[in-house]
Structures are given as structure tokens and as C-alpha cells.
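Residue numbers (the working numbering): 765 to 874.
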């Protein structure tokens with residue numbers, strides 16, 4: 765389980781690292797049997813980092829048949845604007861995934 769912000773921070777460390785420990789920043793996200801990413805869309809967008817490594821991570825997990833659960837408040841068009849069509853199509857591939865649209869009051873505001 766990780767927040768999108770924490771995952772993005774690890775992407776940045778991975779991006780900046782140029783030695784043999786580089787893989788430590790991302791490999792556990794690739795290897796775990798189930799990855800839950802909370803609140804995707806709240807992390808800062810970092811050039812050459814956020815979209816690129818998210819696409820790499822999700823593509824690798826799909827290829828390995830790993831379970832990935834993502835929570836977000838972004839609507840489809842907002843998601844495409846933020847992350848691009850390539851990531852959106854991978855996440856919404858009906859042969860490998862499904863989407864649950866939850867509506868209702870924010871329980872934190874009550």
C-alpha cells in the first residue's frame with residue numbers, strides 16, 4: 765500500500781540515482797503480489813518522471829499478471845489529460861481490469 769505522492773517520490777529517487785542501488789527505489793513496487801496506490805492524481809507532476817515511470821510500473825505489473833488497485837478522484841478525461849492515453853488504455857483494458865465508480869458523501873466531511 766502506498767500513496768501516489770510516496771510512489772512519485774520513489775520515482776524521483778530512482779530517476780536521480782546512477783549507481784547499483786537504483787533498483788531499490790522501484791523494484792518492490794514491481795515485485796509485490798498486490799499493489800494499492802491511493803489517491804492517484806494528487807501527486808505533483810514531475811517532468812520526465814511521473815508519467816514515464818507510472819507507465820513503466822503499470823506495464824510491467826500487467827505483463828507479470830500482478831494485481832494493482834488504484835484509487836483516484838479523477839474522471840476519465842481528467843486522467844487522460846494528466847497521464848496520457850497510453851496509461852489510461854492499459855488501466856481500462858476490459859480484458860485485464862475493471863473500474864468501480866463510487867459515489868456518495870465524503871465521510872470525512874461528516
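Note that beta-carbon positions come from the ideal geometry of N, C-alpha and C, so glycine has one too.
Remember, it's a predicted structure, so these values are computed and weren't measured experimentally.
Check	Outcome
CA-to-CA distance, residue 829 to residue 820, given in whole angstroms	14 angstroms
Cβ neighbour criterion (16 or more within 10 Å) applied to residue 754	This structure leaves residue 754 out entirely; the chain is present only between 765 and 874.
Three-state class that DSSP yields for residue 835 in the structure shown	strand
Residue 807 versus residue 836 - alpha carbon distance	11 angstroms
Residue 871, buried or exposed, once every other Cβ within 10 Å from all chains shown has been counted against 16	exposed
Residues of its chain near residue 772, where Cβ-Cβ distance is below 6 angstroms and the 5 sequence neighbours each way are ignored	807 and 814
Cutoff 7 angstroms; reference residue 822; Cβ partners in own chain excluding five residues on either side	832, 851, 854 and 855
Limits of the beta strand (DSSP E) - the one that residue 803 falls within	798-804
Nearest residue (CA-CA) to residue 802, options 843, 834, 867 and 868	834
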